[in-house]
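Chains as they are written, first to last, in my numbering: chain A, 45 to 285; chain F, 45 to 285.
In this text, a Cβ means the ideal position worked out from N, Cα and C, and glycines have one as well.
Given the structure is predicted, the values throughout are model-derived calculations rather than measurements.
Step one of this worksheet: look at the structure below.
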DNA sequence: ATGTCATTTCGACGCGCGTCGAAATAATTC
DNA sequence: GAATTATTTCGACGCGCGTCGAAATGACAT
């Protein structure tokens, strides 16, 4: 059928935008919430700048991306949190990556270990950290949400997070995000972003260049053991239970 | 690019399935969680049975749909709750329906007023009912989730809902679902489905044939006023505040 | 058995769209 | 002003895929 039924939202319009492999690669590259210039996105998607330009224009007009022009650079990012959630939901049921080369295997491992997802920590480290925080009684999982406990309230403040400021934001303090590589939930929302920020500030984690992946620094490894009883060896994590 | 990067899930594979208007129409028709036969889905999507057959096969192999064969009928439904959430997330940012004919306008109104969404109530009625339940102190919105209060615990039991049985299920007791027509959250999850069921059983609401839409019966209108202080006139709802 | 109904398979058509080369525009640098 | 870099516009190519007609398969009824 050509014309849509006109009683329901036009799902196909949105889905078709992400349904092209090149555009999907662009969305994935922006999944961590940062803004990237058009040329960089072309490189990541493995297409020419002209082709990327056309794709970015369509994604922008479809309201999936926002653009910020700085001189001759055009920085694109996911339009809003609803788009991020759509990408999350899609990643949760999409076919897992199929490794082809040894280099890809390493890259995939690094990405599964730790990465950022719309500003918060994801991957094995994100899930483990969420688990450790829950184990220590700072966070409860009630129904389909994470709730900060009284003990958590004190601990997060001591960790340098201003919970009151976070609660004042429009976005929720906590959110569950389904981790596509671990197939379990990790902590997202304003608190998740604040925790990731503190980890960056403390020098516990650092971005891997040209990637959404994050690596644990030596100081970070030590901190994870000290603060959360997480023993991390290379890319494998073991917790006490 | 032809080959995917192989470090990330294959978003395009999933998105391309929903990216075709006919397949999107099929997904929308199944959005309420019921199972429909192939022929009916062809009719709803406005395509021939052969074409629908090909589409349904692709959606099935892509794990977006599940199929149940009963004699010569093939009943299709959304594969699981993750798919339902993907469709929800997509509907929340998809272009709203554009009305073309007077008949479509009526159908759109009916659908916006009340419908089922993976088993629970959605539309203006779903949002209003959720609001009323919160107003009466049976439900709290904490962080990004709904929590049943002690008063709610009593009231839901009195309403004929076995909360303990619902808590034992794998799916969450409560869930927020973003209503695409109201652009606000309504109550979903096991409790949301149970409430809708009670409303059907009580004869308060009834399905509109050949549609996901739901209409309020006379008894239902009376009950909404009596139980929830919701004054409903034709398709417009007014609450005390 | 025969006819009907639901669904699938096969084959062929046609168009939409992702692709890149070439060139234009625009901002930055020297 | 000239050279470099980032991005866009235009044009043309080619292939993937959604479409339906025709026919086959399979289940049910009488």
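Should residue i go down as buried or exposed, given a rule of 16 or more other Cβ atoms within 10 Å for buried?
{"i": "residue 229 of chain A", "result": "buried"}
{"i": "residue 117 of chain A", "result": "exposed"}
{"i": "residue 266 of chain A", "result": "exposed"}
{"i": "residue 189 of chain F", "result": "buried"}
{"i": "residue 168 of chain A", "result": "buried"}
{"i": "residue 232 of chain A", "result": "buried"}
{"i": "residue 282 of chain A", "result": "exposed"}
{"i": "residue 52 of chain A", "result": "buried"}
{"i": "residue 150 of chain F", "result": "exposed"}
{"i": "residue 154 of chain A", "result": "buried"}
{"i": "residue 92 of chain F", "result": "exposed"}
{"i": "residue 46 of chain F", "result": "Caution is warranted here: a pLDDT of 43 is assigned to residue 46 of chain F, below 50, making its placement in the model unreliable, and the coordinate value is therefore given only provisionally. Its Cβ having fewer than 16 others within 10 Å, residue 46 of chain F is exposed."}
{"i": "residue 132 of chain F", "result": "buried"}
{"i": "residue 277 of chain F", "result": "exposed"}
{"i": "residue 275 of chain F", "result": "exposed"}
{"i": "residue 105 of chain F", "result": "exposed"}
{"i": "residue 28 of chain A", "result": "This structure does not reach residue 28 of chain A, given that chain A is present from 45 up to 285, and the question cannot be answered."}
{"i": "residue 269 of chain F", "result": "exposed"}
{"i": "residue 98 of chain A", "result": "exposed"}
{"i": "residue 129 of chain F", "result": "buried"}
{"i": "residue 175 of chain F", "result": "buried"}
{"i": "residue 76 of chain A", "result": "buried"}
{"i": "residue 101 of chain A", "result": "exposed"}
{"i": "residue 254 of chain F", "result": "exposed"}
{"i": "residue 60 of chain A", "result": "buried"}
Nearest by alpha-carbon distance to residue i: which of the options is it?
{"i": "residue 109 of chain F", "options": "F:92, F:54, F:74 and F:212", "result": "F:74"}
{"i": "residue 123 of chain F", "options": "F:58, F:282 and F:83", "result": "F:58"}
{"i": "residue 181 of chain F", "options": "F:87, F:195, F:100 and F:157", "result": "F:195"}
{"i": "residue 87 of chain F", "options": "F:104, F:186, F:106 and F:66", "result": "F:66"}
{"i": "residue 107 of chain A", "options": "A:125, A:145, A:115 and A:95", "result": "A:125"}
{"i": "residue 224 of chain F", "options": "F:239, F:170, F:275 and F:176", "result": "F:170"}
{"i": "residue 280 of chain F", "options": "F:156, F:253 and F:245", "result": "F:156"}
{"i": "residue 245 of chain A", "options": "A:204, A:271 and A:215", "result": "A:204"}
{"i": "residue 121 of chain F", "options": "F:145, F:95, F:84 and F:144", "result": "F:84"}
{"i": "residue 286 of chain A", "options": "A:81, A:94, A:145 and A:178", "result": "One cannot answer for residue 286 of chain A here, as it falls past the ends of chain A, which runs 45 to 285."}
{"i": "residue 284 of chain F", "options": "F:68, F:112, F:214 and F:173", "result": "F:173"}
{"i": "residue 215 of chain A", "options": "F:271, F:186 and F:242", "result": "F:186"}
{"i": "residue 177 of chain A", "options": "A:64, A:271 and A:68", "result": "A:271"}
If residue i and residue j are in contact, beta carbons under 8 Å, what's the gap, nearest whole angstrom?
{"i": "residue 89 of chain F", "j": "residue 62 of chain F", "result": "Their Cβ separation, rounded to whole angstroms, is 13 Å, which puts residue 89 of chain F and residue 62 of chain F out of contact at 8 Å."}
{"i": "residue 273 of chain A", "j": "residue 261 of chain A", "result": "Contact flag wrong, Cβ pair sits at about 18 Å."}
{"i": "residue 135 of chain F", "j": "residue 50 of chain A", "result": "Incorrect: roughly 14 Å between the Cβ atoms, too far for contact."}
{"i": "residue 247 of chain A", "j": "residue 263 of chain A", "result": "5 Å"}
{"i": "residue 55 of chain A", "j": "residue 72 of chain F", "result": "6 Å"}
{"i": "residue 119 of chain A", "j": "residue 166 of chain A", "result": "With 8 Å as the limit, residue 119 of chain A and residue 166 of chain A do not qualify as a contact, their Cβ atoms being about 22 Å apart."}
{"i": "residue 363 of chain A", "j": "residue 164 of chain A", "result": "There is simply no residue 363 of chain A to check, as chain A begins at 45 and stops at 285 in what is shown."}
Please name the residue or residues paired with residue i in a DSSP beta bridge.
{"i": "residue 109 of chain F", "result": "F:122"}
{"i": "residue 160 of chain A", "result": "A:165"}
{"i": "residue 114 of chain F", "result": "F:117"}
{"i": "residue 276 of chain A", "result": "A:281"}
{"i": "residue 249 of chain F", "result": "F:260"}
{"i": "residue 185 of chain F", "result": "F:190"}
{"i": "residue 220 of chain A", "result": "A:231"}
{"i": "residue 80 of chain A", "result": "A:120"}
Give a single yes or no on whether residue i has its beta carbon closer than 7 Å to a heavy atom of the ligand NAD.
{"i": "residue 162 of chain F", "result": "The ligand NAD is absent from the structure shown, which contains no ligands of any kind."}
Three-pair Cβ contact test at 8 Å for the segment 233-253 of chain F versus the segment 198-216 of chain F = As far as the Cβ criterion goes, the segment 233-253 of chain F touches the segment 198-216 of chain F, which means the pair count is three or higher.
Cβ pair count under 8 Å reaching 3, the segment 213-225 of chain A against the segment 170-190 of chain A | Contact between the segment 213-225 of chain A and the segment 170-190 of chain A is established, with three or more Cβ pairs separated by less than 8 Å.
The segment 158-174 of chain F in contact with the segment 242-259 of chain F per 3-pair CB rule at 8 Å = They touch, by the three-pair rule.
So does the segment 130-150 of chain A actually touch the segment 205-215 of chain A, counting three or more Cβ pairs closer than 8 Å?
-> In this structure the segment 130-150 of chain A does not lie against the segment 205-215 of chain A, because fewer than three pairs of beta carbons, one per stretch, are closer than 8 Å.
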